[in-house]
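Protein chains in written order, with full-length UniProt numbering: chain A, 1 to 202; chain B, 1 to 202.
Set out below in structure tokens:
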């Protein structure tokens, strides 16, 4: 666990999980309404009837608050999925979010992914609190597949599992003018991800 | 060729290719400086010493002008590449742009890809003038591979060739904090794209 996470967990323990969930929901609403750059701690404080001092004490800053709110919206942890096969694990992972949630999160992630390029502190929080934990969980999914003998330990595609999945998610709207859905992602997993990893899909 | 392209070609024929290249370069400079939403036809007119009436007559509007400028910056056409093997074609395609140009274009494409979601006319121009022609050219590359017997006609990954390549390009910075380079894209082609298509990489 990173130092950033430790510090934030210690800070956060002063508020209840319910209050925390309420705060995160308000932050995501604001993010949808005005975007990252125009979102202010003043607006979060007003919307959630908190003091700015509390927000800064609990989260350190806007970047960390926004990224934690995004992470909190993710329904279920990749680490809890263990179906006994890589295909089973990957198909289950894409059903953790229903299509409606996925479409809402997809536009939020797009906005954040864009904003990181002009906000170094957001980039750092995004990588440390969202990208890296997700990469680590995918590595565990992949390691289990290797341990089961499904994927060769020297398979070059294993390094690119997150690029493949995030790439499919990110390009669906742009290329096909359609939201990423569970059905699309399952089809992509069977057509691209598993064959690239040398895993039979039937 | 689409109707939009026909009309624009007819309009554009009134200016010289040199003047056109100069205009497109100025549009991309402005796009880098202020972003799509803040870019105005007034600013383009001032920067290029043209009249706004000329710009509108030649390009119809901001969306079409910006997308044409992006397309013009692409060095070389996919359709001209025909090496005799799919691996050869794909490796050649990623060397059409040197790493420096690729990094510059990558941040421009990111900005545009973001702006399309709040600008329906930009989305239309982007799809009609950039995405669809590129998809068509990749389809031709893929059809030749099928005709040569390299890829099976019913290979499910053939529908996703552009998602794979654009996805790799788009996720490289976000996931690895590194710009997409020719070396990365060649490695991704060998690790993911060719195996997904059932093509041996050696």
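Yeah, the Cβ is synthetic: ideal placement off N, Cα and C, and Gly gets one too. Predicted, not measured: the structure shown is a model, and the values here were computed from it.
DSSP, reduced to helix, strand and coil, places residue 189 (chain B) within a helical segment of the structure shown. Within chain B, the C-beta atoms nearer than 9 angstroms to that of residue 107 (chain A) come from 117, in chain order.
Residue environment: residue 89 (chain B) is assigned as buried (16 or more neighbouring CB atoms within 10 Å of its CB, all protein chains considered). Among the residues of chain A, those whose CB is under 9 angstroms from the CB of residue 127 (chain B) are 174, 175 and 177, following chain order.
Those residues of the UniProt domain "HTH tetR-type" (17–77) of chain B placed with their C-beta closer than 9 angstroms to a C-beta in chain A do not exist.
Taking a beta-carbon distance threshold of 8 angstroms, residue 186 (chain A) does not count as an interface residue toward chain B. Rounded to the nearest angstrom, the gap between the Cα atoms of residue 127 (chain A) and residue 172 (chain B) is 13 angstroms.
Across the structure, residue 166 (chain B) and residue 84 (chain A) are spaced so that their CA atoms are roughly 31 angstroms apart. Secondary structure at residue 60 (chain B): coil, using DSSP grouped into helix, strand and coil. Each of A:69, A:52 and A:134 was checked against the Cα of residue 176 (chain B), and the nearest Cα belongs to A:134. Under the three-state reduction of DSSP output, residue 131 (chain B) falls in the helix class. The C-beta distance from residue 196 (chain A) to residue 192 (chain B) rounds to 4 angstroms, short enough to fall under 8 angstroms.
Under the 10 Å beta carbon count, residue 120 (chain A) is surrounded by fewer than 16 other beta carbons and is classified as exposed. Between residue 182 (chain B) and residue 94 (chain B), the C-beta gap is smaller than 8 angstroms, which places the two residues in contact.
For residue 168 (chain A), the closest Cβ of chain B is nearer than 8 angstroms. The beta carbon of residue 146 (chain A) sits closer than 6 angstroms to the beta carbons of 153 from its chain, once the five residues preceding and following it are set aside; these are given in chain order. A residue is called buried when at least 16 other Cβ atoms come within 10 angstroms of its Cβ; residue 62 (chain B) meets this threshold and is buried.
Within chain A, the residues whose beta carbon sits less than 8 angstroms from that of residue 190 (chain B) are 156, listed in sequence order. Using a Cβ-Cβ cut-off of 8 angstroms, residue 171 (chain B) counts as an interface residue toward chain A, since at least one Cβ of chain A sits closer than that to its own. Cα atoms of residue 103 (chain B) and residue 73 (chain B): separation of roughly 13 angstroms, rounded to the nearest angstrom. Residue 155 (chain A) carries a coil assignment under DSSP once its states are collapsed to helix, strand and coil. Around the beta carbon of residue 97 (chain B), 16 or more other beta carbons sit within 10 angstroms, so the residue counts as buried.
Taking 8 angstroms as the cut-off, the Cβ atoms of residue 113 (chain A) and residue 174 (chain B) count as close. Taken through DSSP and simplified to helix, strand or coil, residue 52 (chain B) comes out as helix. In the displayed model, residue 14 (chain A) falls within coil according to three-state DSSP, outside both helix and strand.
The beta-carbon of residue 195 (chain A) is placed less than 8 angstroms from the nearest beta-carbon of chain B.
Cβ proximity to chain B below 7 angstroms picks out 131 from the segment 129–149 of chain A.
Interface flag for residue 102 (chain B) against chain A is unset, since no Cβ pair is found closer than 8 angstroms.
Distance between residue 162 (chain A) and residue 131 (chain B), taken at the CA atoms: about 24 angstroms. Taking the C-beta atoms as reference points, residue 115 (chain A) is found no nearer than 8 angstroms to residue 42 (chain A). Beyond the five residues adjoining it in sequence on each side, residue 24 (chain B) comes within less than 6 angstroms, by CB distance, of 69 and 72 in the same chain, given in chain order.
In terms of Cα proximity to residue 105 (chain A), the closest of A:189, A:22 and A:28 is A:28. Under the three-state reduction of DSSP, residue 94 (chain B) is assigned to coil, being neither helix nor strand. With its beta carbon at least 8 angstroms from every one in chain A, residue 87 (chain B) lies outside the interface.
The beta carbon of residue 118 (chain A) sits closer than 8 angstroms to those of 37, all from its chain and outside the five residues before and after it, given in chain order.
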